[in-house]
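Enquirer:
Residue numbers (my numbering): 444 to 754.
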């Protein structure tokens, strides 16, 4: 785990943390390796999570018939306009990026690492798609490059997991996070606040549970209703509450007070393309939301970990 470095900031910020790990600027580049998902292809279910559409976060340079190297090179060209001395973390993001044979996965990961200026990997996946054989390889890989494995946890409530057609239990998530962290691999988690059936009180109840996991990093974002998903059908038929900006800031302000101070917080919101978003319509870019949040935290003296339950 990282040391407590939030003395001069309300929370343990990923941007500050990643800058402390490298002597140069580092940027994630998303790559789409063409994976599927076990609750899409029928192995455990069909249709996927009711809210999911990977197009909401896949950049234009991803996917198609492009190789991993081609996607990274195009991503480098995109980001080089900002900083000429940039290095990169190849981010295997779309769908389930450990859902293949170990040999096939090795080929993809190693191709990324052989690309110039790539200094590490971030691998997004599900907790039910991490066999011990793959962890053996990732443990070895972690000794020779920067590596983060990110798990979609989404919620600690099993009833909600069933409602959203997630296809695994929270126990599965807990055990897989523990197995990964035990290998010395940086371990991240992803959760969604405002899932159907979960109000702010339920999210706060779960915060201490999430904090108890041996996670190094946490991504949080608001529930978004995306056009064309099963959730959008449900919302259109019988609209449910989605957070306003102010409500969501209130929730985050309370939520982070229940998180360990050494837990690195990578993000609080996600921004779907406007033409795909049904609700909520905030009209804010991610950095604009974060500025509003940080100003509120500083103004009210709110800090990560302030209400963490002892033990």
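Positions of the beta carbon are idealized from the N, C-alpha and C atoms, including for glycine.
Every value quoted in this text rests on a predicted model; they were computed, and no experiment measured them.
Return the CA-CA distance between residue 733 and residue 711, expressed in angstroms with no decimal places.
Expert: Using only the alpha carbons, I get a separation of about 7 Å.
Enquirer: In this structure, how does DSSP classify residue 680 when only helix, strand and coil are distinguished?
Expert: If DSSP states are grouped into helix, strand and coil, residue 680 belongs with the helices.
Enquirer: Rank 599, 552, 595 by C-alpha distance to the C-alpha of residue 580 and give the top, closest one.
Expert: The candidate whose alpha carbon is nearest that of residue 580 is 552.
Enquirer: Pick out the complete beta strand (DSSP E) segments inside the segment 622 to 667, 3 residues or longer, and give them in chain order.
Expert: Fully enclosed beta strand (DSSP E) runs of 3 or longer: 629 to 636, 660 to 665.
Enquirer: Rounded to whole angstroms, what is the Cα-Cα separation between residue 526 and residue 460?
Expert: Their Cα atoms are separated by approximately 19 Å.
Enquirer: May I ask you to report which of helix, strand or coil DSSP gives residue 724?
Expert: Three-state result, residue 724: coil.
Enquirer: For residue 698, list the residues DSSP reports as bridge partners.
Expert: Note: residue 698 sits in no beta bridge, so no partner.
Enquirer: Helix, strand or coil for residue 463? Go by DSSP, reduced to three states.
Expert: Here residue 463 sits in helix by DSSP.
Enquirer: What's the gap between the Cα of residue 520 and the Cα of residue 482?
Expert: So the alpha carbons of these two residues sit roughly 35 Å apart.
Enquirer: Counting C-beta neighbours from all protein chains within 10 Å, is the total for residue 463 16 or more, i.e. buried, or is it exposed?
Expert: It counts as exposed.
Enquirer: Which parts of the segment 534 to 603 are runs of the alpha helix (DSSP H), unbroken and 4 residues or longer, counting only runs that do not cross its ends?
Expert: Counting whole runs of 4 or more residues, the segment 534 to 603 contains the alpha helix (DSSP H) stretches 545 to 556, 575 to 585.
Enquirer: Find the nearest neighbour of residue 587 within the set 607, 564, 594, judged by alpha-carbon distance.
Expert: The candidate whose alpha carbon is nearest that of residue 587 is 564.
Enquirer: At what residues does the beta strand (DSSP E) containing residue 708 begin and finish?
Expert: Per DSSP, residue 708 belongs to the beta strand (DSSP E) from 707 to 710.
Enquirer: Below 7 Å CB to CB, which residues in the same chain sit around residue 741 once its five sequence neighbours on both sides are set aside?
Expert: Excluding sequence neighbours, residue 741 sits near 453.
Enquirer: So residue 534 and residue 480 are supposed to be a Cβ contact under 8 Å. How far apart are they, rounded?
Expert: About 17 Å; that fails the 8 Å criterion.
Enquirer: Tell me whether the beta-carbon of residue 539 lies closer than 7 Å to the beta-carbon of residue 572.
Expert: Yes. Within cutoff.
Enquirer: Check whether the segment 682 to 702 touches the segment 716 to 725, counting contact only when three or more Cβ pairs, one atom from each stretch, lie closer than 8 Å.
Expert: Taking 8 Å as the limit for Cβ pairs, the verdict is that the segment 716 to 725 does touch the segment 682 to 702.
Enquirer: In terms of alpha-carbon separation, which member of 693, 522, 627 lies closest to residue 646?
Expert: Checked all of 693, 522, 627; the closest Cα to residue 646 is 693.
Enquirer: Please report the residue range of the beta strand (DSSP E) in which residue 472 lies.
Expert: From DSSP, the beta strand (DSSP E) with residue 472 extends over 469 to 474.
Enquirer: Buried or exposed: where does residue 706 fall if 16 or more other Cβ atoms within 10 Å of its Cβ makes it buried?
Expert: Buried, by the Cβ-count rule.
Enquirer: What are the boundary residues of the alpha helix (DSSP H) that includes residue 483?
Expert: Per DSSP, residue 483 belongs to no alpha helix (DSSP H) and is neither H nor E.
Enquirer: To the nearest angstrom, report how far apart residue 547 and residue 554 are at their CA atoms.
Expert: If you take the alpha carbons of residue 547 and residue 554, they lie about 11 Å apart.
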